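All remarks here apply to the structure that follows.
Numbering (our numbering), first residue to last: 162 to 309.
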């Protein structure tokens, strides 16, 4: 019977090599490979924990990286952003020209940055370059091209 032969052969081979039975060795290797694969799959599912400094949406990237990106930005108001001076909810999309040009208050002090670019350079450089909609980017295709 082939299965009995294979089992006995593996035992004899293990005895000759002075190692534990091959089945145990294979089981240990398989278990280690499964644990590694489980960790890799969980990291892929979990993804990057960084959030957009404007709207708070999670970074989309699942690979190892230093530059973050997000393709599903919310309105900055959902992350507590308000218009400087009026305290109204910030309702301009993250990628909008208006959001890029608006002053931004520092996360760490009362300093007011003149625009999004300077704010990101000083406090969140890992989010640069930050996507910006082109003027008149009304079509879906144009919006997709503007995404980073």
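A virtual CB, placed ideally from N, CA and C, is assigned to each residue, including glycine. Keep in mind it's a predicted model, so treat the numbers as computed, not measured.
- Residue state for residue 250 is assigned as strand, using DSSP reduced to three classes.
- In this structure, DSSP gives residue 274 an extended state, which the three-state scheme calls strand.
- Proximity of the region 200-219 to the region 242-260 meets the contact definition, three or more beta-carbon pairs being nearer than 8 Å.
- Residue burial annotation: residue 290 is exposed, with fewer than 16 other C-beta atoms found within 10 angstroms of its C-beta.
- Distance from the Cα of residue 237 is smallest, within the candidate group 230, 184 and 250, for 250.
- In the three-state scheme derived from DSSP, where H, G and I count as helix and E and B as strand, residue 219 is classed as strand.
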